[in-house]
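K.L.:
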Amino acid sequence: MEIKETEYEMNQKRISALLEQHGHARLQDIPPYERQTVSLAAYEHGAYAGGITGEMVWSILHVHLLAVDEAYRGHGVGALLLEQMEALAKAQGCKVSELTTMSWQAPGFYQKQGYEIFGEIQDCPLVGQTKFYLKKQL
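Under my numbering, think of the first position of the sequence shown as 304, with each following residue one higher.
1. What does DSSP give as the partner residues of T356 in its beta bridges?
2. Please classify E389 as buried or exposed, where buried requires at least 16 neighbouring CB atoms within 10 angstroms.
3. In the DSSP assignment, what are the bridge partners of Q440?
4. Exposed or buried, what is M304 when buried is set at 16 or more other beta-carbons lying within 10 Å of its beta-carbon?
5. Verify whether the separation of the beta carbon atoms of G354 and G381 is less than 8 Å.
6. On the three-state DSSP scale, how would you describe E323?
7. Less than 6 Å between C-beta atoms, sequence neighbours within five positions excluded: which residues of the same chain meet that for E423?
8. Nearest to L385 by alpha carbon, out of K307, E323, A345, W361?
Written out as structure tokens, the structure is:
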């Protein structure tokens, strides 16, 4: 057996195909594993204020990245970006949103937006820091 590094996108497609075959062999009602990416940006007078990216798979919104320029923090830009992403996902049939954040980033922000922590990894990536897993029903 030879294990080697390979091109990411092609490998993702091959892995997804194998997982679909496996799933359909057990449950014929499982929908195809199709990803729809979403990318939104906020602008104030033409200046980039922040953005959010994610993808929708199997009725789940996976929020990948959300950041707001320091000059615009505290003015609701992050909440608006997240709200718009969730609205898009809900319109596409998503029932839940999930994301991860680090203890030094924004767990409190996401909790204010209705997310709840359902898991964590302590001492990640450094002793005293925590990676949080959060979810929200849409």
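By construction, the Cβ of each residue, glycine as well, lies at the ideal position given by its N, Cα and C atoms. Being a predicted model, the structure only gives us computed values, none of them experimental.
P.N.:
In short, the structure shows the following:
1. S342, L368
2. buried
3. According to DSSP, which records beta bridges pairwise, Q440 is partnered with V399.
4. exposed
5. no
6. helix
7. T433, F435
8. Selected option, being the one with the closest Cα: A345.
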